[in-house]
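Data block below; observations after.
Pasting the structure below:
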C-alpha cells in the first residue's frame, strides 16, 4: 500500500489552521501505539532535565508531532527537526511559527549525509530506519552528532511481522519500506558497529498492540486507499473501535513482550 499519498491528504486536511493541526497531533498521540511507547521513553529521559538546556534532534520528523511534544516539555530545550520531504518541513515551520514556539526549527536534510558533531543530548528517530538502505551510515552520523553520554532512541518495525510480513511470499504493508523489519540482534549489532558504547532493545507491539494496530491503523488505511470517501465514515468507525484500542495500547505499553512486531531501541554514545 502506498502510504505517502494518504499522508498528503491528511496533511492537507489538518494544515488549514493551527488548531486543526493540534487536534491532528492529539489524535495521533491517542491512536498510534508507537507514540505511547516513544512518549514513555521521552518522559523517562526528561526526568531531571526539564530545567536544563538540552539540544535535541528529531531525525526524520514527518508530520512533526514528536518535535511538538518535545518542545512542549521544556522551553529551555532546543529542537532541530530534519526530514527529506520539503512539503512537510514547510508545513511544520509554518505551524510552529504560528503558535510562537521559538525553541524549534524544521530543516530539510538527508540522514545519510547529515552530521553535526557533538551537538545533541538526545536524538529521536521514529519510523525512519525502515525507509533507509544505508542504515549503518546513518547510525554513524547520528552517533557523531551526539554529545558524549547522549542517547539515541529508535522506534522501528521488527522482523516478527512489523511491516505485516509473516512469510517469504508476503510483501510489506507499507510499500515505501526498504526492509520488512529488523531482527532485534541485528539492529543492536549494527549500532555497536557504528560505535555506540551501550545498546538496549525491547519489543513493542506484542499481542495487544498487534490487535490495536489492525483496528486503529491497518483497516482504516486500507479503506482510505480504496477511496477518500471513507474519511466521512472514519469518525463513526473510531467511535466503535477507539475504546478498545485505548485498553489494548495501555496493556502493550505496560507489559513485557517476548516478541513483537515493533522495536524500541536505545543507544548511548
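In the numbering used here, the protein residues as written are 15 to 283.
We put the CB at the ideal spot given by N, CA and C, even for glycine.
- Item | residue 295 versus residue 104 - alpha carbon distance | Residue 295 is absent from the structure shown; the chain starts at 15 and stops at 283.
- Message: Considering only the alpha carbon of each residue, which of 72, 89, 81 lies closest to residue 36?
- Response: Sorting 72, 89, 81 by C-alpha distance to the C-alpha of residue 36 places 81 at the top.
- Would you check if the distance between the CB atom of residue 93 and the CB atom of residue 125 is smaller than 9 angstroms? Contact flag unset, no.
- Message: Using a Cβ distance threshold of 8 angstroms, determine whether the segment 56–71 contacts the segment 82–102, with at least three qualifying pairs required.
- Response: As far as the Cβ criterion goes, the segment 56–71 touches the segment 82–102, which means the pair count is three or higher.
- Which residues in the same chain as residue 142 place their Cβ atom closer than 6 angstroms to its Cβ, once the five residues preceding and following it in sequence are excluded? For residue 142, where only same-chain residues beyond five positions count, the Cβ hits under 6 angstroms are 74.
- Bridge partners of residue 216, per DSSP? DSSP lists 278 as the beta-bridge partner residues of residue 216.
- Determine the direct distance from the alpha carbon of residue 115 to that of residue 244, and round the result to whole angstroms. If you draw a straight line from the Cα of residue 244 to the Cα of residue 115, it comes to about 34 angstroms.
- Determine the burial state of residue 261: buried for a count of at least 16 other Cβ atoms within 10 Å of its Cβ, exposed for fewer. In this structure residue 261 is exposed. Its beta-carbon is surrounded by fewer than 16 other beta-carbon atoms within 10 angstroms.
- Item | Rounded straight-line distance, which links the Cα of residue 98 to that of residue 145 | Their backbone Cα atoms lie some 11 angstroms apart in a straight line.
- Element boundaries [beta strand (DSSP E), containing residue 90]: For residue 90, no beta strand (DSSP E) segment is defined, and its DSSP state is neither H nor E.
- Task: Please check if any C-beta of chain D sits within less than 9 angstroms of the C-beta of residue 57.
- Result: No chain D is part of this structure, which consists of one protein chain only.
- Item | Contact check, residue 161 vs residue 133, beta carbons under 9 angstroms | Taking the C-beta atoms as reference points, residue 133 is found nearer than 9 angstroms to residue 161.
- Message: For a test of the three-state rule: what should DSSP assign to residue 60, helix, strand or coil?
- Response: In this structure, residue 60 counts as helix in the three-state DSSP scheme.
- Query: Who does residue 140 pair with in a DSSP beta bridge?
  - Reply: For residue 140, the beta-bridge partners assigned by DSSP are 169.
- Task: Please list, in chain order, all residues of the same chain as residue 159 whose beta carbon is under 7 angstroms from its beta carbon, the five residues on each side excluded.
- Result: Contacts found: 71, 129, 130, 131, 133, 134, 137.
- Between the beta-carbon of residue 9 and the beta-carbon of residue 222, is there less than 9 angstroms? There is no way to answer for residue 9, as the model of the chain reaches only from 15 to 283.
- Query: Going by the beta-carbon positions, is the gap between residue 196 and residue 234 smaller than 9 angstroms?
  - Reply: Their beta carbons are not under 9 angstroms apart, which means residue 196 does not touch residue 234 by this criterion.
- Query: Which residue from 201, 150, 251 puts its Cα closest to that of residue 237?
  - Reply: Residue 237 has its Cα closest to that of 251, out of 201, 150, 251.
- Query: Exposed or buried, which one is residue 64 when buried takes at least 16 other CB atoms within 10 Å?
  - Reply: Label assigned to residue 64: exposed.
- Report the rounded CA-to-CA distance for residue 140 versus residue 282, giving the unit in angstroms. So the two alpha carbons sit approximately 17 angstroms from each other.
- Message: Check this for me: beta carbons of residue 168 and residue 96, under 9 angstroms apart or not?
- Response: Taking a C-beta distance under 9 angstroms as the contact criterion, residue 168 and residue 96 do not qualify as a contact pair.
- Item | Residue of 227, 214, 239 minimising C-alpha distance to residue 50 | Comparing Cα positions, the closest option is 227.
- Item | Of the residues 100, 107, 117, the one placed nearest residue 123, counting alpha carbons only | Of the candidates 100, 107, 117, the one whose C-alpha sits nearest the C-alpha of residue 123 is 100.
- Would you kindly work out how many angstroms separate the C-alpha atoms of residue 153 and residue 208, rounded to a whole number? Answer to the nearest angstrom: the Cα atoms are 6 angstroms apart.
- Using three-state DSSP, classify residue 121 as helix, strand or coil. Strand, per DSSP.
- Message: Using only CA atoms, which one of 239, 90, 102, 87 lies nearest to residue 76?
- Response: Ranking the options by Cα distance to residue 76, first place goes to 102.
- Item | Buried or exposed by the 16-neighbour rule on C-beta atoms within 10 Å, applied to residue 215 | Result: buried.
- Item | Candidates 88, 62, 163, 29, of which the one nearest residue 78 by Cα | The shortest Cα separation from residue 78 among 88, 62, 163, 29 belongs to 29.
- Kindly list the residues whose CB is nearer than 7 angstroms to the CB of residue 173, restricted to its own chain and excluding five residues on each side of it in sequence; keep chain order. Take residue 173, set aside five residues on each side of it, and the residues of its chain with a beta-carbon closer than 7 angstroms to its own are 194, 195, 196, 197, in chain order.
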